[in-house]
Amino acid sequence: MKVGFFLLKFPLSSETFVLNQITAFIDMGFEVEIVALQKGDTQNTHAAWTKYNLAARTRWLQDEPTGKVAKLRHRASQTLRGIHRKNTWQALNLKRYGAESRNLILSAICGQVSTPFYADVFIAHFGPAGVTAAKLRELGVIRGKIATIFHGIDISSREVLNHYTPEYQQLFRRGDLMLPISDLWAGRLQKMGCPREKIAVSRMGVDMTRFSPRPVKAPATPLEIISVARLTEKKGLHVAIEACRQLKEQGVAFRYRILGIGPWERRLRTLIEQYQLEDVVEMPGFKPSHEVKAMLDDADVFLLPSVTGADGDMEGIPVALMEAMAVGIPVVSTLHSGIPELVEADKSGWLVPENDARALAQRLAAFSQLDTDELAPVVKRAREKVEHDFNQQVINRELASLLQAL
1 MKVGFFLLKF PLSSETFVLN QITAFIDMGF EVEIVALQKG DTQNTHAAWT KYNLAARTRW
61 LQDEPTGKVA KLRHRASQTL RGIHRKNTWQ ALNLKRYGAE SRNLILSAIC GQVSTPFYAD
121 VFIAHFGPAG VTAAKLRELG VIRGKIATIF HGIDISSREV LNHYTPEYQQ LFRRGDLMLP
181 ISDLWAGRLQ KMGCPREKIA VSRMGVDMTR FSPRPVKAPA TPLEIISVAR LTEKKGLHVA
241 IEACRQLKEQ GVAFRYRILG IGPWERRLRT LIEQYQLEDV VEMPGFKPSH EVKAMLDDAD
301 VFLLPSVTGA DGDMEGIPVA LMEAMAVGIP VVSTLHSGIP ELVEADKSGW LVPENDARAL
361 AQRLAAFSQL DTDELAPVVK RAREKVEHDF NQQVINRELA SLLQAL
């Protein structure tokens, strides 16, 4: 069986869940090909990019110059080059294909792709990728069934929903399977009009063989706090920094490391300077997986205080939390989106309300006083939860069976 992955941009260092799923299907023995609209960041990559030679498995559909005018000229040129093909001028049907017809994306792709990409099933990550994949299948660029995974921003951001809700309703008819990563998102898809029989919850998970539980350890002095996240509003790192300001005022000894890159980097650095926290809060930027693992080993607590963004953007269920729980690092997070489906408050971790820096600071201060006897049952239940409900090997086998039955 051949499985295709349809992505808007690849690779992206922050989307380890996509990378992990691709390599898992390769490891299970499936023939795998990646079809992506645009080339992502090939400089900041994880080891699997090289180990599995994923560049050789990837076909990028757009190789465009920068600049809006230059892009349009390039697309117009590609469209004209293939205008003798029926699907190229069909792609110009504005009523049927909307913005992707108007901006010449679809016609440019049709103009340059002479041989269709075939797979038994294409897994499209994020709703907008599923929308584009369904259009390209109708235009004959790809051939195969389409299963679309809905993660978070694609089903919560007001901007995305304002643009894509009508497109999603078309996808519910054109697509073969919708795979929300949480029960919360499954309910939302149903409310948007997706037939229940086309929905199956398929969680993102972690490879448990990569995460041996470490010995339970009491919090150190200073308390070692770590976050691994894309630097965006919904990760709530600005709330974490405010909580750090309060911790410092209270005289709690700590060090906080924020690993990741993203559009909020400058804003977060400014906040650290404004609060004069440079001596206790570090932002080392992107780190490959093996370096992240080493830093996680040193951490006392994993912090991810996710929030709903001003634009409505929400998390799905963060894989970073699963990884921390799998390795035995206690987690502190928030009552946000699907996180309570993973972390049971005061049982397998600690949850505070969104945007509540005071509650977060209080929780971290209280955590710093815990001993191993108090932490051991929490850490044990956390790993058991991930092992039972978020085990990547089990999830991917179940997904493979689901796709084979399509």
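In terms of UniProt numbering, the sequence shown is numbered consecutively and its last residue is 406.
We put the CB at the ideal spot given by N, CA and C, even for glycine.
No experiment lies behind these values; they were computed from the predicted model shown.
Open item on the list: Could you compute how far the alpha carbon of E278 sits from the alpha carbon of W350?
Closed with: 27 Å
Open item on the list: Quick check on K68: buried or exposed, where buried means 16 or more other Cβ atoms within 10 Å of its Cβ?
Closed with: exposed
Task: Simplified DSSP assignment, three categories, for W264 - done: coil
- [ ] Tell me whether S13 is buried or exposed, calling it buried when 16 or more other Cβ atoms sit within 10 Å of its Cβ.
- [x] buried
- [ ] Compare the beta carbon distance of K235 and L406 with 7 Å and say whether it is the shorter of the two.
- [x] no
Open item on the list: Please state the DSSP three-state secondary structure of G251.
Closed with: When secondary structure is reduced to three states using DSSP, G251 falls in the coil class, being assigned neither helix nor strand.
Task: Beta carbon of V386 nearer than 7 Å to that of A299 - done: No, the Cβ-Cβ distance between V386 and A299 is not below 7 Å.
Open item on the list: Please return the same chain residues whose Cβ sits closer than 6 Å to the Cβ of residue 410, not counting the five positions on each side in sequence.
Closed with: Because the chain in this structure spans residues 1 to 406, residue 410 falls outside the shown range and cannot be described.
Task: Straight-line gap, L304 to V331 (C-alpha atoms, nearest Å) - done: In this model, L304 and V331 are separated by some 8 Å (Cα to Cα).
- [ ] Using DSSP bridges, identify the partner residues of E282.
- [x] R257
TODO: Can you tell me which of the three DSSP states L304 falls into?
DONE: strand
TODO: Could you pull the start and end residues of the alpha helix (DSSP H) that Q190 belongs to?
DONE: For Q190, the uninterrupted alpha helix (DSSP H) segment begins and ends at 183-191.
TODO: State the DSSP-derived secondary structure class of D120, mapped to helix, strand or coil.
DONE: strand
Task: DSSP state of Q404 mapped onto helix, strand, coil - done: helix
TODO: Report buried or exposed for K135, applying the criterion of at least 16 other Cβ atoms within 10 angstroms of its Cβ.
DONE: buried
- [ ] Taking 7 Å as the cut-off, decide whether the C-beta atoms of A192 and T148 are in contact.
- [x] The sequence shown places Met at residue 192, rather than the Ala named in the question. Between M192 and T148, the C-beta gap is not smaller than 7 Å, which leaves the two residues out of contact.
Open item on the list: Suppose you measure from the CA of K380 to the CA of P213; what does that come to, to the nearest Å?
Closed with: Computed Cα separation, rounded: 9 Å.
Task: Collapsed DSSP secondary structure at Q38 in the structure displayed - done: strand
Task: N93 versus L7 - alpha carbon distance - done: 23 Å
Open item on the list: Are the CB atoms of I241 and residue 420 within a distance shorter than 7 Å?
Closed with: Residue 420 cannot be examined here, being either before or after the span of the chain that is shown, 1 to 406.
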